[in-house]
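Enquirer:
Numbering (this note's numbering), first residue to last: 8 to 344.
(1) Using only CA atoms, which one of 124, 108, 258 lies nearest to residue 46?
(2) Roughly how many whole angstroms lie between the Cα atoms of residue 282 and residue 54?
(3) Drop a sphere of 10 angstroms on the beta-carbon of residue 326, count the other beta-carbons inside from all chains shown, and report buried for 16 or more, exposed for fewer.
(4) Let me confirm a value: residue 171 is counted as buried when at least 16 other C-beta atoms fall within 10 Å, else exposed. Which label applies?
(5) Since residue 78 contacts residue 197 with CB under 8 angstroms, what's their CB separation in whole angstroms?
(6) Give, in chain order, every unbroken run of the beta strand (DSSP E) that is at least 3 residues long and sits entirely within the region 155-223.
(7) Out of 259, 226, 231, state which residue places its alpha-carbon closest to the alpha-carbon of residue 243.
(8) What residue range is occupied by the uninterrupted beta strand (DSSP E) comprising residue 327?
(9) Would you say residue 299 touches the ligand SAH, meaning its beta carbon is less than 8 angstroms from a heavy atom?
(10) Measuring alpha carbon to alpha carbon, tell me which of 258, 307, 15, 200 ends up nearest residue 139.
(11) Less than 9 angstroms between the beta carbons of residue 157 and residue 182, yes or no?
(12) Decide if residue 29 is buried, meaning its Cβ has at least 16 other Cβ atoms within 10 Å, or exposed.
(13) How do the region 93-101 and the region 304-320 stand: do at least 3 beta-carbon pairs fall below 8 angstroms, yes or no?
(14) Could you pull out every residue in the same chain whose Cβ sits closer than 8 angstroms to the Cβ of residue 42, ignoring the five residues on either side in sequence?
(15) Express the C-alpha separation of residue 317 and residue 294 in angstroms, rounding to a whole number.
(16) Count Cβ pairs between the region 97-107 and the region 159-166 that sit closer than 8 angstroms; are there 3 or more?
(17) Along the chain, where does the alpha helix (DSSP H) containing residue 33 start, and where does it finish?
(18) Look at the Cβ atom of residue 304, then the Cβ atom of residue 105, and state whether they are nearer than 9 angstroms.
(19) Count the other CB atoms, across all protein chains shown, that sit within 10 Å of the CB of residue 11; report buried if there are 16 or more and exposed otherwise.
(20) Going by CA-CA distance only, name the one from 206, 178, 330, 152 that's closest to residue 324.
(21) With 16 as the cutoff for other CB atoms within 10 Å, does residue 73 come out buried or exposed?
(22) Pick from 340, 184, 261, 329: whose alpha carbon is nearest that of residue 278?
(23) Hey, residue 190 and residue 247 are a contact pair by Cβ (cut 8 angstroms); roughly how many whole angstroms apart?
(24) First and last residue of the beta strand (DSSP E) that includes residue 109?
(25) Are residue 302 and residue 169 touching if we call contact CB-CB under 9 angstroms?
(26) Kindly list the residues whose CB is nearer than 7 angstroms to the CB of residue 90, restricted to its own chain and excluding five residues on each side of it in sequence; keep chain order.
(27) DSSP three-state label for residue 152, please.
(28) Expressed to the nearest angstrom, what Euclidean distance is found between the alpha-carbon atoms of residue 164 and residue 50?
(29) For residue 60, which three-state DSSP category applies?
(30) Out of curiosity, what's the CA-to-CA distance linking residue 230 and residue 174?
(31) Quick one: Cα of residue 143 to Cα of residue 81, how far?
(32) According to DSSP, which residues form a beta bridge with residue 334?
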């Protein structure tokens with residue numbers, strides 16, 4: 008340490024052998040410092056307490072991880088989540104920086120390292136499209152980190168998620184209450200964690216009621232409205248026997264399914280009932296208005312910020328917070344008498 012006992016850039020320079028300019032550039036994550044040099048500088052900075060002096064959170068980086076865009080591109084779900092993050096951050100005196108981390112971008116490693124090396128800005132990682140292996144590099148993140156709309160079974164991160172399984176169980180319960188026994192499931196082709204949980208909830212709900220999950224009624228389609236419609240049209244060409252109701256992975260897919268059914272002369276809900284998930288804005292004005300699960304998107308963002316603040320307070324326990332949903336009954340389900 009220097010003469011007054013405080014860790015300094017000069018002291019880091021003396022220990023590492025790098026110039027003070029290089030140390031300063033590394034700590035401020037400027038270009039021109041290679042990865043190995045930066046890692047050594049940050050290691051020493053932590054060891055001598057240079058970083059611990061500034062552990063108080065100053066800002067939040069909202070990192071939108073994009074693996075292929077199948078879910079996040081054009082999504083009307085995530086802007087509301089981001090809005091919640093920004094509102095809660097502002098109320099706590101924190102600024103918010105928004106970053107898109109594209110897995111297939113040429114500079115992915117550079118952008119990733121910049122996120123991992125920053126020490127004074129907490130990270131909220133939108134993990135909607137992430138696979139388990141995608142979480143591995145984030146274990147080395149120097150900032151506190153909270154997952155949003157995703158979960159790692161291996162990495163020691165806290166996270167905020169939708170209560171997907173219980174919500175899906177409720178959908179099946181509701182359809183059974185309406186007299187339905189032949190209930191199918193429309194699944195998005197890109198299987199994010201949320202979709203797997205919803206499928207599990209559907210299957211468990213069917214089991215709870217002693218109902219058969221017929222393989223021909225579990226239909227896989229694209230995750231965009233257009234691709235869902237096109238894939239459903241192909242399925243309809245096989246002239247399948249229809250169930251009386253479909254539970255659909257999310258509203259965007261449900262819109263496409265409804266279009267395809269109508270094009271084939273199938274009436275909703277008279278011939279078949281549809282239940283979606285997310286309660287996107289269009290769901291209230293679609294024809295018919297879509298019965299769906301309302302996700303409290305802004306609250307998810309706010310809770311992620313609260314969880315991040317808890318992480319910086321010294322509490323290290325790993326916590327999974329599931330935000331409960333509301334069932335919104337509209338016009339796309341009819342009662343079978």
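Don't be surprised by glycine CBs; every beta carbon is placed ideally from N, CA and C. Only a predicted model underlies this, so the values are computations on that prediction, with no experimental measurement involved.
Expert: A quick look at the data gives this:
(1) Looking up residue 46 in the chain shown gives position 39. Out of 124, 108, 258, 124 has the C-alpha closest to the C-alpha of residue 46.
(2) Residue mapping note: residue 282 aligns to position 275 of the chain shown, counting from 1. Residue mapping note: residue 54 aligns to position 47 of the chain shown, counting from 1. In a straight line, the C-alpha of residue 282 is about 55 angstroms away from that of residue 54.
(3) Translated into the one-based positions of the chain shown, residue 326 becomes position 319. With fewer than 16 other Cβ atoms within 10 Å, it is exposed.
(4) Working through the chain shown from its first residue, we reach residue 171 at position 164. Buried, since its Cβ has 16 or more Cβ neighbours within 10 Å.
(5) Here residue 78 refers to the residue found at position 71 of the chain shown. Here residue 197 refers to the residue found at position 190 of the chain shown. Sure, about 6 angstroms apart at Cβ, within 8 angstroms.
(6) 165-169, 190-195
(7) Reading the chain shown from its first residue, position 236 is the one you call residue 243. Measuring from the Cα of residue 243, the nearest candidate turns out to be 226.
(8) Taking the first residue of the chain shown as position 1, residue 327 is located at position 320. Note, residue 327: beta strand (DSSP E), 327-330.
(9) For the structure depicted, the ligand SAH is absent and the ligand set is empty, with no information on it obtainable.
(10) Here residue 139 refers to the residue found at position 132 of the chain shown. Measuring from the Cα of residue 139, the nearest candidate turns out to be 200.
(11) If you number the chain shown from 1, residue 157 lands on position 150. If you number the chain shown from 1, residue 182 lands on position 175. No.
(12) In the chain shown, the residue the question calls residue 29 occupies position 22. It is buried - the Cβ of residue 29 has at least 16 other Cβ atoms within 10 Å.
(13) yes
(14) For the purposes of this step, residue 42 is identified with residue 35 of the chain shown, where counting begins at 1. Closer than 8 angstroms at Cβ, skipping near neighbours: 120.
(15) On the chain shown, position 287 is the one that residue 294 refers to. On the chain shown, position 310 is the one that residue 317 refers to. Distance between the alpha carbons of residue 294 and residue 317 is about 44 angstroms.
(16) no
(17) The count along the chain shown starts at 1 and reaches residue 33 at position 26. Here the alpha helix (DSSP H) through residue 33 covers 27-34.
(18) Here residue 304 refers to the residue found at position 297 when the chain shown is read from its first residue. Here residue 105 refers to the residue found at position 98 when the chain shown is read from its first residue. For residue 304 and residue 105, no; Cβs fall outside 9 angstroms.
(19) Position 4 of the chain shown, counted from the first residue, corresponds to residue 11. Because the pLDDT at residue 11 is just 49, under 50, the model does not fix this residue reliably, and the value given afterwards should be weighed accordingly. Under this definition residue 11 is an exposed residue.
(20) Within the chain shown, the letter at position 317 stands for residue 324. Checking every option, the nearest Cα to that of residue 324 belongs to 152.
(21) Locating residue 73 in the chain shown gives position 66, where the first residue counts as 1. Buried is the call here.
(22) Position 271 of the chain shown, counted from the start, is the residue given in the question as residue 278. Closest option to residue 278, Cα to Cα, is 340.
(23) Taking the chain shown and counting its residues from 1, one reaches residue 190 at position 183. Taking the chain shown and counting its residues from 1, one reaches residue 247 at position 240. About 15 angstroms; that fails the 8 angstroms criterion.
(24) Counting from 1 along the chain shown, the entry for residue 109 is found at position 102. It spans 102-109 - the beta strand (DSSP E) in which residue 109 sits, taken as one unbroken run.
(25) Within the chain shown, residue 302 is the residue found at index 295, counting from 1. Within the chain shown, residue 169 is the residue found at index 162, counting from 1. Result yes, Cβ atoms of residue 302 and residue 169 sit closer than 9 angstroms.
(26) Numbered from its first residue, the chain shown carries residue 90 at position 83. Here the set comprises 305, 308.
(27) Residue numbering aside, residue 152 sits at position 145 when the chain shown is read from its first letter. Residue state, collapsed to three classes: strand.
(28) Against the chain shown, residue 164 aligns to sequence position 157. Against the chain shown, residue 50 aligns to sequence position 43. About 21 angstroms.
(29) Position 53 of the chain shown, counted from the start, is the residue given in the question as residue 60. Unreliable positioning characterises residue 60 in this predicted model, as indicated by a pLDDT of 45, which lies under 50. The coordinate reading is nonetheless provided below. Note: residue 60 maps to helix in three-state DSSP.
(30) Here residue 230 corresponds to residue number 223 of the chain shown, with the count starting at 1. Here residue 174 corresponds to residue number 167 of the chain shown, with the count starting at 1. Approximately 20 angstroms, taken between the alpha carbons.
(31) Counting from 1 along the chain shown, the entry for residue 143 is found at position 136. Counting from 1 along the chain shown, the entry for residue 81 is found at position 74. Between residue 143 and residue 81, the C-alpha separation is close to 27 angstroms.
(32) Residue numbering aside, residue 334 sits at position 327 when the chain shown is read from its first letter. Looking at the DSSP assignment, residue 334 forms a beta bridge with 300.
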